[in-house]
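See below for the structure under consideration.
Protein chains in written order, with this note's numbering: chain A, 25 to 333; chain B, 15 to 313; chain C, 446 to 905.
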């Protein structure tokens with residue numbers, strides 16, 4: 025890196041040192057995030073220490089009571105948290121496996137890549153609430169696509185209540201999310217595969233390696249950074265999952281598909297306990313932060329650890 | 015001689031059949047993935063009675079665009095049960111497009127600046143600041159909705175396109191920054207230095223040399239930013255209130271009641287919302303792949 | 446070189462400092478300018494059409510816009526067809542700020558009243574929900590806008606249902622009460638008179654008619670809480686005692702919850718009923734898969750329309766069963782309109798509400814099957830029904846009137862009814878689905894409700 029100050033063009037008329045330009049460039053981003061995210065979150069933090077409720081004209085400071093109640097007296101919170109973590113883990117892993125398969129197949133495909141790609145990306149293009157409505161309809165017990173298919177295949181009407189029964193409800197929301205999220209993984213991984221250098225593969229072919237061996241020994245290891253990145257982003261998105269589940273089941277029935285954010289929504293807006301909802305938001309966000317920090321710390325090592333000056 | 019040729023031929027045949035098998039599997043998977051989308055599009059043009067029919071009717075006996083007519087407030091032979099009043103679809107479309115356009119543009123501009131800063135410079139607290147940007151992505155719209163609502167109400171930004179644009183910019187900046195940082199890092203600095211030696215100032219080196227190379231990257235970023243704005247629901251439903259600023263997702267949600275009686279309406283709305291996104295992506299998808307393969311996302 | 450740099454840097458800092466200061470100053474001003482108490486602009490620059498040049502003589506509200514926050518779905522929108530005529534008469538324009546189903550509408554109203562972001566004049570209201578809005582001081586007392594004469598024609602029990610603290614808060618548009626709908630072609634000879642009979646009959650119907658469920662309930666949100674409440678009162682129970690302590694986990698409540706759980710376990714209800722809301726149960730009924738259930742009167746025209754209903758002409762109506770308390774169930778409420786305190790066009794708002802709740806408006810809604818709020822319209826309807834071709838029409842109206850006079854019961858008129866029902870319904874779902882034993886579930890719910898009431902200040 026040169027040590028001379030960066031001279032901006034004559035039009036701008038001033039020059040800045042290396043120290044200042046980056047901060048200036050970052051300023052708009054920082055400002056807008058502080059404004060839109062920072063202030064509301066601070067306000068939310070303040071509210072979480074009160075007993076604010078939407079139908080109460082006044083509120084008082086009550087310290088850590090909301091947090092204590094959540095952590096120690098609310099089994100539903102822990103159930104929802106556990107379920108969210110399980111949801112996230114399963115979804116990311118399935119999306120990774122399927123996405124990887126699709127990515128490899130697409131990278132190998134001779135023709136029609138553009139068309140396939142556009143089609144493959146369609147699930148991503150729907151608004152999540154739309155996906156929620158669609159899958160709610162598909163899994164409808166009376167007129168849903170899935171039960172209709174079963175009816176036609178078996179000749180008997182089956183009114184399986186997909187959205188209600190114990191494991192089925194969870195499975196359906198999982199399926200909806202996976203359907204929606206796999207294209208993202210597939211696209212990123214395909215890009216990764218396409219960007220790998222060709223020489224090792226050619227050498228392997230000369231050596232007589234089979235497709236599977238090439239995949240295992242060459243593609244996979246070289247793809248790890250991409251895989252890691254894609255999983256990181258997707259995990260974060262899944263941790264925030266709300267739209268799809270909220271429409272499909274609303275976290276119900278009987279809290280069977282309750283994820284953290286559907287619970288927050290009901291607590292804050294349904295039971296009018298906005299402060300408790302804010303406390304729960306904060307706990308979850310802190311957990312997400314910890315998770316993000318862990319993930320991205322490794323990412324940053326890979327990115328910048330090699331030392332730019 | 016003959017012995018040498020046949021193993022080679024059979025090897026080629028194996029490769030060819032395995033390629034064929036792979037292609038078949040690929041097309042099968044993709045079409046299977048597409049099945050729900052296909053079913054949605056099909057249902058939106060079916061006759062109402064056939065949709066709920068029991069036993070299910072698979073081959074449509076005819077088509078009807080009634081569900082679209084109803085959405086646009088045009089008269090139909092059957093009144094749609096429950097869908098009273100016309101829906102200001104034009105307003106919603108305009109708002110969604112305008113907001114998505116401005117938010118994406120500004121988010122990319124800010125992301126480009128920030129990405130440039132992260133990729134080309136070293137400064138104190140860089141890692142932490144970058145981490146800070148990423149942490150923002152961990153916050154869902156629902157956690158923000160009420161406090162943001164109160165803040166915007168006080169500032170008079172509630173139910174305004176400006177308020178929505180500002181919000182979406184903030185939501186998109188982390189991702190655009192991250193992507194652009196990656197793209198910039200994939201362009202060797204030597205190019206800029208070379209341009210400087212040739213007499214350009216750093217600034218014009220950036221504009222004339224680096225930026226054009228990152229265009230595919232910008233295209234990729236645009237797709238994601240646009241889609242995020244186009245499809246966002248939680249914040250839009252809180253900030254927008256009237257057709258003055260309302261976008262499609264909350265407008266869609268307003269008709270929850272009808273969708274239970276008439277799923278066609280939901281499918282028609284889905285298709286309507288999908289069309290601009292598909293057009294946009296189809297146009298840009300080549301740049302998207304170019305951009306992503308330039309090594310930007312290696313992490 | 447260095448000198449140049451120094452000056453430039455200083456200049457740069459000056460510029461940024463000024464810019465930053467300007468931003469901070471302007472946002473501070475903006476924040477101060479927007480007062481915490483609700484401020485309203487009755488006209489929004491983006492949407493209001495410029496006043497048509499010469500205002501037509503005689504149009505009282507020419508060029509103004511009235512903003513409305515309304516309910517939609519089901520048949521509710523029919524009434525809004527009267528609006529163009531009002532606009533024509535007054536020269537004003539009506540703008541719908543929001544349209545959603547009842548729960549969504551209520552959620553947004555609560556948010557707005559709480560945050561002071563009310564920018565509409567007329568809002569939908571309901572006897573179960575208005576107490577919250579009153580508590581948040583969001584509504585305008587209406588007795589100043591309606592004379593006693595104007596109120597005389599409304600059914601007294603309806604109007605009184607929204608009198609509180611000495612004020613009138615809601616003008617009723619139509620009321621809802623549920624009666625028992627039962628199929629006449631499935632072998633039901635006479636409708637059940639008690640809830641015990643009801644349960645047994647439902648199970649029998651399911652057994653004798655493959656493909657048909659004996660009964661159903663809307664299984665989520667306030668719907669299931671309300672149904673629970675109504676059967677609870679029939680069994681002689683109460684949600685709260687005099688001291689506002691929850692008592693629904695005592696034996697009448699447990700009896701009701703157990704009945705629901707047993708019906709579900711016996712397969713006498715559609716397995717996905719816990720996802721049903723009002724439109725869903727109606728849809729189930731018209732698809733012919735239900736034997737009998739309690740339903741609001743307002744769906745009648747839909748049920749009797751052969752184009753959309755498979756059960757048209759194949760069902761009869763009866764009063765709801767009674768329970769151990771020797772009371773017939775009758776969860777009731779009414780929809781209506783209120784004026785927001787933040788409105789700057791209260792007279793115009795009152796004018797629109799009077800138009801919509803006029804005898805004309807009532808008659809329009811009555812045609813769809815709604816139970817309207819004006820006595821004069823009732824008299825007219827009953828007279829007409831005597832000569833109607835539909836044999837059920839007259840019986841229906843008389844039954845409705847009887848119920849309105851004797852069985853009409855609203856849930857407790859407190860702001861906490863809604864949050865309480867939101868605590869209750871997931872637990873009721875758990876009980877129905879068999880995830881938890883009825884007594885335990887209700888005890889758990891009672892504890893949570895107690896905590897909430899305590900926080901709301903009910904136990905001094």
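Think of the CB as a built atom: it goes at the ideal place given N, C-alpha and C, for glycine as much as any other residue.
1) Got a sec: is the Cβ-Cβ distance from residue 268 of chain B to anything in chain C below 8 Å?
2) Return the first residue and the last residue of the beta strand (DSSP E) that residue 79 of chain A is part of.
3) Just to make sure I have the definition right: I need the residues of chain A whose C-beta is within less than 8 Å of the C-beta of residue 922 of chain C. Which are they?
4) Helix, strand or coil: how does DSSP classify residue 619 of chain C here?
5) Taking residue 741 of chain C as part of the beta strand (DSSP E), name the residues at either end of that continuous run.
6) For residue 835 of chain C, collect the residues of the same chain with a Cβ closer than 8 Å to its Cβ; drop the 5 residues on either side in sequence, then sort them by chain order.
7) Can you check whether the C-beta of residue 107 of chain A is within less than 8 Å of a C-beta belonging to chain C?
8) Any idea if residue 85 of chain B is buried or exposed, counting beta-carbon neighbours within 10 angstroms, 16 or more meaning buried?
9) So, using beta-carbon positions, are residue 841 of chain C and residue 625 of chain C closer together than 8 Å?
10) Ends of the alpha helix (DSSP H) at residue 872 of chain C?
11) Following the continuous alpha helix (DSSP H) through residue 190 of chain A, name the residue where it begins and the one where it ends.
12) Is the CB of residue 31 of chain B under 8 Å away from at least one CB in chain A?
13) What is the DSSP secondary structure of residue 488 of chain C, reduced to helix, strand or coil?
14) For chain B, is any of its Cβ atoms less than 8 Å away from the one on residue 560 of chain C?
15) Answer with yes or no whether the minimum CB distance from residue 172 of chain B to chain C is below 8 Å.
16) Which class does residue 218 of chain B belong to by DSSP, given the choice of helix, strand or coil?
17) Could you check if residue 73 of chain B is buried or exposed, using at least 16 other CB atoms within 10 Å of its CB as the buried criterion?
18) Taking the CB atoms as reference points, tell me whether residue 669 of chain C and residue 774 of chain C lie closer together than 8 Å.
19) Buried or exposed for residue 236 of chain A, going by 16 or more other Cβ atoms inside 10 Å?
20) Mind checking whether residue 188 of chain B and residue 301 of chain B have CB atoms under 8 Å apart?
21) Contact criterion: CB-CB distance below 8 Å. Does residue 186 of chain A meet it with respect to chain B?
22) To which residues of the same chain is residue 302 of chain A closer than 6 Å at the C-beta, ignoring the five residues directly before and after it?
23) For residue 232 of chain B, collect the residues of the same chain with a Cβ closer than 7 Å to its Cβ; drop the 5 residues on either side in sequence, then sort them by chain order.
24) Using a Cβ cut-off of 8 Å, pull out every chain B residue sitting near residue 72 of chain A, in sequence order please.
25) Can you check whether the C-beta of residue 290 of chain A is within less than 8 Å of a C-beta belonging to chain B?
26) By the DSSP assignment, the beta strand (DSSP E) with residue 513 of chain C in it spans what residues?
27) If you pair each beta-carbon of the stretch 512 to 530 of chain C with each one of the stretch 544 to 555 of chain C, do three or more pairs fall below 8 Å?
28) Exposed or buried, which one is residue 121 of chain A when buried takes at least 16 other CB atoms within 10 Å?
29) Looking at C-alpha atoms only, which residue of C:887, C:829, C:641 and C:756 is the closest neighbour of residue 629 of chain C?
30) What residues from the stretch 653 to 680 of chain C come within 9 Å of chain A, judged by C-beta to C-beta, listed N to C?
31) Report yes or no: do the stretch 88 to 103 of chain A and the stretch 596 to 610 of chain C share at least 3 C-beta pairs separated by less than 8 Å?
32) What are the start and end residues of the alpha helix (DSSP H) that includes residue 784 of chain C?
33) Say whether chain A places a C-beta atom closer than 8 Å to the C-beta of residue 181 of chain B.
34) How would you list, in chain order, the residues of chain A whose beta-carbon sits under 9 Å from the beta-carbon of residue 555 of chain C?
35) Mapping the DSSP letters down to three states, classify residue 658 of chain C as helix, strand or coil.
36) Pairs of beta-carbons, one from the stretch 152 to 171 of chain A and one from the stretch 680 to 699 of chain C, closer than 8 Å: are there three or more?
With the structure as the only source:
1) Within the second chain, the letter at position 254 stands for residue 268 of chain B. It does: the Cβ of residue 268 of chain B has a partner Cβ on chain C nearer than 8 Å.
2) Taking the first residue of the first chain as position 1, residue 79 of chain A is located at position 55. From DSSP, residue 79 of chain A is part of no beta strand (DSSP E); its letter is neither H nor E.
3) The displayed coordinates of chain C run from 446 to 905. Any statement about residue 922 of chain C would go beyond what the structure contains.
4) Residue mapping note: residue 619 of chain C aligns to position 174 of the third chain, counting from 1. DSSP places residue 619 of chain C in strand when its eight states are reduced to three.
5) Position 296 of the third chain, counted from the start, is the residue given in the question as residue 741 of chain C. Segment 737 to 741, the beta strand (DSSP E) holding residue 741 of chain C.
6) Taking the first residue of the third chain as position 1, residue 835 of chain C is located at position 390. These residues qualify, in order along the chain: 749.
7) In the first chain, the residue the question calls residue 107 of chain A occupies position 83. Output row for residue 107 of chain A: interface = no.
8) Position 71 of the second chain, counted from the start, is the residue given in the question as residue 85 of chain B. That one is buried.
9) Indexing the third chain from 1 puts residue 841 of chain C at position 396. Indexing the third chain from 1 puts residue 625 of chain C at position 180. In this structure, residue 625 of chain C does not lie closer than 8 Å to residue 841 of chain C by Cβ.
10) Working through the third chain from its first residue, we reach residue 872 of chain C at position 427. Where residue 872 of chain C is concerned, the enclosing alpha helix (DSSP H) stretches over 862 to 878.
11) Position 166 of the first chain holds residue 190 of chain A. That run of the alpha helix (DSSP H) goes 190 to 218.
12) Here residue 31 of chain B is taken as the residue at index 17 of the second chain, counted from 1. Output row for residue 31 of chain B: interface = no.
13) Taking the first residue of the third chain as position 1, residue 488 of chain C is located at position 43. Residue placement at residue 488 of chain C cannot be trusted, given a pLDDT of 34 that sits under 50; what the coordinates show is reported in the next sentence. Residue 488 of chain C: coil per DSSP, three-state reduction.
14) Counting from 1 along the third chain, the entry for residue 560 of chain C is found at position 115. So, interface residue.
15) Here the question's residue 172 of chain B lines up with position 158 in the second chain. Answer yes: the Cβ-Cβ gap between residue 172 of chain B and chain C drops below 8 Å somewhere.
16) For the purposes of this step, residue 218 of chain B is taken as the residue at position 204 of the second chain. If DSSP states are grouped into helix, strand and coil, residue 218 of chain B belongs with the helices.
17) Taking the second chain and counting its residues from 1, one reaches residue 73 of chain B at position 59. So residue 73 of chain B counts as exposed.
18) Numbered from 1 along the third chain, position 224 holds the residue referred to as residue 669 of chain C. Numbered from 1 along the third chain, position 329 holds the residue referred to as residue 774 of chain C. Against a cut-off of 8 Å, the Cβ pair of residue 774 of chain C and residue 669 of chain C comes out as no contact.
19) Taking the first residue of the first chain as position 1, residue 236 of chain A is located at position 212. The residue in question, residue 236 of chain A, is exposed, as its Cβ has fewer than 16 Cβ neighbours within 10 Å.
20) As a position in the second chain, residue 188 of chain B is number 174, starting the count at 1. As a position in the second chain, residue 301 of chain B is number 287, starting the count at 1. No, the pair does not count as a contact, with Cβ atoms beyond the cut-off.
21) What you label residue 186 of chain A is simply residue 162 of the first chain in a count that begins at 1. No, residue 186 of chain A does not count as interfacial toward chain B.
22) Along the first chain, read from residue 1 onward, the residue named residue 302 of chain A stands at position 278. Closer than 6 Å at Cβ, skipping near neighbours: 68, 71 and 72.
23) As a first step, residue 232 of chain B must be located in the second chain, where it is residue number 218. So the list reads 122, once near-sequence residues are dropped.
24) Numbered from its first residue, the first chain carries residue 72 of chain A at position 48. Those do not exist, as residue 72 of chain A stays about 11 Å from chain B at its closest Cβ, beyond 8 Å.
25) Along the first chain, read from residue 1 onward, the residue named residue 290 of chain A stands at position 266. Residue-level contact check: residue 290 of chain A does not touch chain B, since none of the beta carbons of chain B fall below 8 Å from its beta carbon.
26) Sequence index remark: in the third chain, residue 513 of chain C carries index 68 (1-based). That run of the beta strand (DSSP E) goes 510 to 516.
27) yes
28) Along the first chain, read from residue 1 onward, the residue named residue 121 of chain A stands at position 97. So residue 121 of chain A counts as exposed.
29) By one-based count along the third chain, residue 629 of chain C stands at place 184. Measuring from the Cα of residue 629 of chain C, the nearest candidate turns out to be C:756.
30) 656, 664, 665 and 666
31) no
32) Within the third chain, numbered from 1, the residue matching residue 784 of chain C stands at position 339. Run containing residue 784 of chain C: none in the alpha helix (DSSP H); it sits in the beta strand (DSSP E), 777 to 784.
33) One-based indexing of the second chain puts residue 181 of chain B at position 167. Interface residue, yes.
34) Here residue 555 of chain C refers to the residue found at position 110 of the third chain. Going along chain A in sequence order, the residues near residue 555 of chain C (Cβ under 9 Å) are 78, 79, 293 and 296.
35) What you label residue 658 of chain C is simply residue 213 of the third chain in a count that begins at 1. Looking at residue 658 of chain C - three-state DSSP - the assignment turns out to be strand.
36) no
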